[in-house]
Amino acid sequence: MKKLLALAIALLVIGVTVVSVSAQQIGAQQNVRARIKTLGAFGNGLAVSQDNSMDFELIRIGVAGIKVGLADEEATVKVGILHFGEDKYRLKEVVIGNGSVTANVYSNDTQVGSLSLNSYPKGDKEVWAGTLTLNGETYNAYVLQAHRLVKPLEKAEKTFEYCKNNPEKCKAAMKAVGQIVCDPVTDGNCRDRIKNFCEQYPDDNRCKALRFAQCKLNLEDADCRAEIMGVCRNNATDNACERLGEVYNKFVERRPEVLQNVPRWFATVRERLQQQTGELGTGQQGGQ
Amino acid sequence: MKLTSALVLVVLVATIVISGCVQEPTGGLTEEQAEDQALQTLEQEMDEAIGGMTLEELENELLQQG
Chain A
345 MKKLLALAIA
355 LLVIGVTVVS
365 VSAQQIGAQQ
375 NVRARIKTLG
385 AFGNGLAVSQ
395 DNSMDFELIR
405 IGVAGIKVGL
415 ADEEATVKVG
425 ILHFGEDKYR
435 LKEVVIGNGS
445 VTANVYSNDT
455 QVGSLSLNSY
465 PKGDKEVWAG
475 TLTLNGETYN
485 AYVLQAHRLV
495 KPLEKAEKTF
505 EYCKNNPEKC
515 KAAMKAVGQI
525 VCDPVTDGNC
535 RDRIKNFCEQ
545 YPDDNRCKAL
555 RFAQCKLNLE
565 DADCRAEIMG
575 VCRNNATDNA
585 CERLGEVYNK
595 FVERRPEVLQ
605 NVPRWFATVR
615 ERLQQQTGEL
625 GTGQQGGQ
Chain Y
769 MKLTSALVLV
779 VLVATIVISG
789 CVQEPTGGLT
799 EEQAEDQALQ
809 TLEQEMDEAI
819 GGMTLEELEN
829 ELLQQG
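Which chain is which? The protein sequence lines are A and Y, in order. Counting from 345, one number per residue, gives the positions in the first sequence under the working numbering. Counting from 769, one number per residue, gives the positions in the second sequence under the working numbering.
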C-alpha cells in the first residue's frame, strides 16, 4: 500500500514537472519578436532655442509604431524616445502622419513639453524640422533621418500586407518581374508563403516589387519614403515619386524657404505637379 | 477500498495541479507590457543605428547637406 502511494506521488511529481516545462516552452515559442512597423522621426539633431541661437543642445529622437504581442494577437504601439543632451524623455500620444510627427514629452509620468516635426527632402536625405517645447523653453528642432537597416522580417511583412489587401495586384506585381511564388487570388495560404519566401530572400525581384507596391500605400513610414526616394533618384517619372512629391510639397508650400537644395527628382516632380494644377511656384528651386 | 480512495485522491490532485500548469497563454500582453516591449525595441534600434554619433560626425553630416 505504502509502496503504491509512493509510486503514485513520484509519478505525480514527474508529471507536473514535465507539463510545466513544456507549457513554458510553448509560451516562449508563441512570443513574437517586437519589430518596427511604421518609422517616424529617427536620428540625431540639434535643438536651438528660439530666444537665444547660442543656446542649443544635441538631440536624438526615435519615434515608431512597433508591432508587439503574441502570435495569435498582435498590436501596433506608437512610442517615442527623446534624448536632450544627457537627459532622456519618453514621448507619448505619438501621432505619425505622412511626413509628420507630433507627440507630448514626458519625464517619468509628468508632461514636460511637446514636439511637432515635419520632414523635408534635402540633398539625398530626409531632414525633420519643427519645434520642441521642453520645460517652458521653445526650441527649433532639426533632425537628420538616420539610415536604418530594415530587417528581413519587417520587409517580408510589407509583402504580406500588400498581398493580403490586394491579392489581384499582388499576383500582377509578381508576374511583372517573374514567375508567381503562388497564387494569392485562389490560395488563402499564399500570403503566408510569400512572407516566408520574402523573409528568406528579401532581395528577390518579386519581393522587392511587392514591398515597393506596399510602400506606395504607406508613405507615413519613413523607411518606405527612403525606399521610394532611392527609386526616384534614378527615375523621377515613376508614379510613386509623384505621391512622395505631394507629401513633401504640402510642407514646402507652407515653408517655401526649405526649397533650397532639394533633390533633382523632387524639383522635377514639383514642376510636373505645378503644371497639373496650373499654379506658379514660389521660392527657389534647387537641384543637384 | 483504502487503495481505491488513495488513487482517486491522487488522480484528483494531479488533475487540479496539471490543469493549473497548462493554462492557455492569455490573449496578449497588457497595455503596459506591450508599451515596455515596444520601447525596449525602439531603444535597441536607436542604439544600433544612431547610438554612436559624435558632435563631430553630426557636424560633418550637416556640412554635407549644406
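From the three backbone atoms N, C-alpha and C, an ideal C-beta is built for every residue, glycine too.
Spatial neighbours of residue 511/A in its own chain (CB-CB distance under 6 Å, excluding positions within 5 residues in sequence) are listed in chain order as 528 and 529.
Taking C-beta separations shorter than 7 Å and ignoring five residues to either side along the sequence, the partners of residue 496/A in its chain run 543 and 546, following chain order. By the rule that beta-carbons nearer than 7 Å mark a contact, residue 803/Y touches chain A. Any Cβ of chain Y closer than 7 Å to the Cβ of residue 388/A would place that residue at the interface, and such an atom is present. When rounded, the separation of the alpha-carbon atoms in residue 524/A and residue 506/A is 15 Å.
The beta carbon of residue 809/Y falls within 7 Å of a beta carbon belonging to chain A, placing the residue at that interface.
Annotated as distal: residue 439/A and residue 407/A, with beta-carbon spacing of 7 Å or more.
Between residue 462/A and residue 595/A, the gap from beta carbon to beta carbon is short of 7 Å. For residue 520/A and residue 552/A, the gap between their C-alpha atoms comes out near 12 Å.
Taking a contact as a CB-CB distance under 8 Å, the pair residue 500/A and residue 389/A does not count as one, their CB atoms being some 31 Å apart. With fewer than 16 other Cβ atoms inside 10 Å of its own Cβ, residue 812/Y counts as exposed.
When only Cα atoms are considered, residue 392/A and residue 437/A end up about 24 Å apart. Contacts with chain Y at 7 Å (Cβ-Cβ) include residue 413/A.
Contact note: residue 500/A does not reach chain Y at a C-beta cutoff of 9 Å; the least C-beta distance is about 17 Å. Sequence-distant partners of residue 383/A (beyond 5 residues in either direction) whose C-beta falls short of 6 Å from its own C-beta, in its chain, are 408, 565, 566 and 567. Between residue 593/A and residue 457/A, the alpha-carbon positions lie close to 28 Å from each other. Within the model, the alpha-carbon separation for residue 412/A versus residue 580/A is close to 36 Å.
Using a 10 angstroms sphere on the CB of residue 465/A, the tally of other CB atoms reaches 16 or more, which defines it as buried. For residue 488/A, the closest C-alpha among the options 479/A, 589/A and 385/A is that of 385/A. The beta-carbon of residue 443/A is placed no less than 7 Å from the nearest beta-carbon of chain Y. Of the candidates 492/A, 532/A and 548/A, 548/A places its Cα closest to the Cα of residue 517/A.
In this structure, DSSP gives residue 587/A a helical state, which the three-state scheme calls helix. Between the C-alpha atoms of residue 605/A and residue 531/A there is a straight-line separation of about 48 Å.
The C-beta of residue 599/A comes no closer than 7 Å to any C-beta of chain Y. Under DSSP, residue 388/A takes part in a beta bridge, and its partners are 404/A and 488/A.
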